[in-house]
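Asker: The sequence shown begins at 1 in UniProt numbering and counts up one residue at a time. Have a look at this one.
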Amino acid sequence: MAKTSELCKDIRDKIVDLHKAGMGYRTIGKQLGEKATTVGAIIRKWKKFKMTVNHPRSGTPCKISPCGASMIMRKVRDQPRTTRQDLVNDLKRAGTTVSKKTISSTLRRHGLKSCSARKVPLLKPAHIQARLKFANDHLNDPEEEWETVMWSDETKIELFGLNSTRRVWRKKKDEYNPKNTIPTVKHGGGNIILWGCFSAKGTGRLHRIEGRMDGAMYREILTNNLLPSVRALKMGCGWVFQHDNNPKHTARATKEWLRKKHLKTVQGPCCEFNSKCLGTLPCERKDICFSNQHIVLVSVWPKLITAALEVFATLRNTNSITKKQNLPEP
Numbered sequence: 001m002a003k004t005s006e007l008c009k010d011i012r013d014k015i016v017d018l019h020k021a022g023m024g025y026r027t028i029g030k031q032l033g034e035k036a037t038t039v040g041a042i043i044r045k046w047k048k049f050k051m052t053v054n055h056p057r058s059g060t061p062c063k064i065s066p067c068g069a070s071m072i073m074r075k076v077r078d079q080p081r082t083t084r085q086d087l088v089n090d091l092k093r094a095g096t097t098v099s100k101k102t103i104s105s106t107l108r109r110h111g112l113k114s115c116s117a118r119k120v121p122l123l124k125p126a127h128i129q130a131r132l133k134f135a136n137d138h139l140n141d142p143e144e145e146w147e148t149v150m151w152s153d154e155t156k157i158e159l160f161g162l163n164s165t166r167r168v169w170r171k172k173k174d175e176y177n178p179k180n181t182i183p184t185v186k187h188g189g190g191n192i193i194l195w196g197c198f199s200a201k202g203t204g205r206l207h208r209i210e211g212r213m214d215g216a217m218y219r220e221i222l223t224n225n226l227l228p229s230v231r232a233l234k235m236g237c238g239w240v241f242q243h244d245n246n247p248k249h250t251a252r253a254t255k256e257w258l259r260k261k262h263l264k265t266v267q268g269p270c271c272e273f274n275s276k277c278l279g280t281l282p283c284e285r286k287d288i289c290f291s292n293q294h295i296v297l298v299s300v301w302p303k304l305i306t307a308a309l310e311v312f313a314t315l316r317n318t319n320s321i322t323k324k325q326n327l328p329e330p
């Protein structure tokens, strides 16, 4: 018979008090509405331990031994994309049969959780050095100088459902560890490609690139979208145009076009230097189908950049206050 709910401490104490008064098990049971066997068990426990409350219980022993836990932790540390079924199979070969839920509980107990793998640009050593050099060269530039920059880049927007999400087991601060990320390259298939620009004053135009972009198409995009965006945002005469070292951007014809337009440029390192804002567009809406994808993205674009600029402004104000008060930066 399944065990019912336990008696509260007050009733147990009453049973002991009535027993001390000389009453028998059956009499106590009838008076309190409990079985004589229950009364006897409580009195025997009181005689043995001099207490009526239950002792702390250890619970069900863990099915995975410390050695088994070390084994699965070692595998997950070396291969974060290991699935729970892989770990179940490994333990089964070692003589321990557990469920996937037990695997999850063990990993969480050791500080790991299942997260979507971050997608980051595929960076070669040369790209990393170029980024570091760019950061060092502009480390001491005043904030007012960056407010005159019109940033631009191209990005690929995947149609939802085409790319499956890979999950990894990691700790909270290890999201950008190379083992926990998925390297990506620009402009694959099953997607639409966009060119966009923005500055501290707001968002410029977002243009959908049809077909394969070459140097001539890139210059046409700049003519039809960059210059109208600058005028709409009232950037003035001292603005600077930023684009990366994509071959279409550094082509001789493109440089000549920029020279004729009297545009001052700053070359950012390649490999999606500033496409972080562009790349997060799909996360804002989940109701996109291929037919209306571009329309929805254009509507989301200003809101996304505005939110990002507000975050940057908050961080800048926080750092300014911190420096004035001589406090350590957050």
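We put the beta carbon where it would ideally sit given N, CA and C, even for glycine.
Answer yes if the segment 34 to 43 comes into contact with the segment 73 to 88, meaning at least three C-beta pairs across the two stretches below 8 Å, and no otherwise.
Answerer: At 8 Å Cβ cutoff, the stretches do not touch.
Asker: Please report the distance separating the alpha-carbon of M71 from that of L87.
Answerer: Their Cα atoms are separated by approximately 9 Å.
Asker: In the DSSP assignment, what are the bridge partners of T155?
Answerer: DSSP output for T155 lists L194 as bridge partner(s).
Asker: So, is M51 buried or exposed, given that buried needs 16 or more other C-beta atoms within 10 angstroms?
Answerer: Classification for M51: exposed.
Asker: At what residues does the beta strand (DSSP E) containing N207 begin and finish?
Answerer: According to the sequence displayed, residue 207 carries His and not Asn. Element bounds for H207: G202 to I209.
Asker: So, with DSSP's three-state summary, where would you put I72?
Answerer: In the structure shown, I72 sits in a helix (DSSP, three-state: H, G or I).
Asker: Expressed to the nearest angstrom, what Euclidean distance is found between the alpha-carbon atoms of I128 and D141?
Answerer: Using only the alpha carbons, I get a separation of about 21 Å.
Asker: On the CB-based measure, 16 or more other CB atoms within 10 Å of its CB, does N24 come out buried or exposed?
Answerer: Residue identity differs from the one stated: residue 24 is Gly in this sequence, not Asn. Looking at its Cβ environment, which holds fewer than 16 other Cβ atoms inside 10 Å, G24 is exposed.
Asker: Using CA coordinates, which residue listed in G33, C67 and K264 is at the minimum distance from V149?
Answerer: The residue with the shortest Cα to Cα distance from V149 is K264.
Asker: Just the C-alpha distance for K14 and I28, rounded to the nearest angstrom, thanks.
Answerer: Computed Cα separation, rounded: 9 Å.
Asker: Going straight from the alpha carbon of V230 to that of G236, what length do you get?
Answerer: Approximately 8 Å between the Cα atoms of the pair.
Asker: Do T254 and G215 come within 8 Å of each other at the CB atom, strictly closer than that value?
Answerer: Yes.
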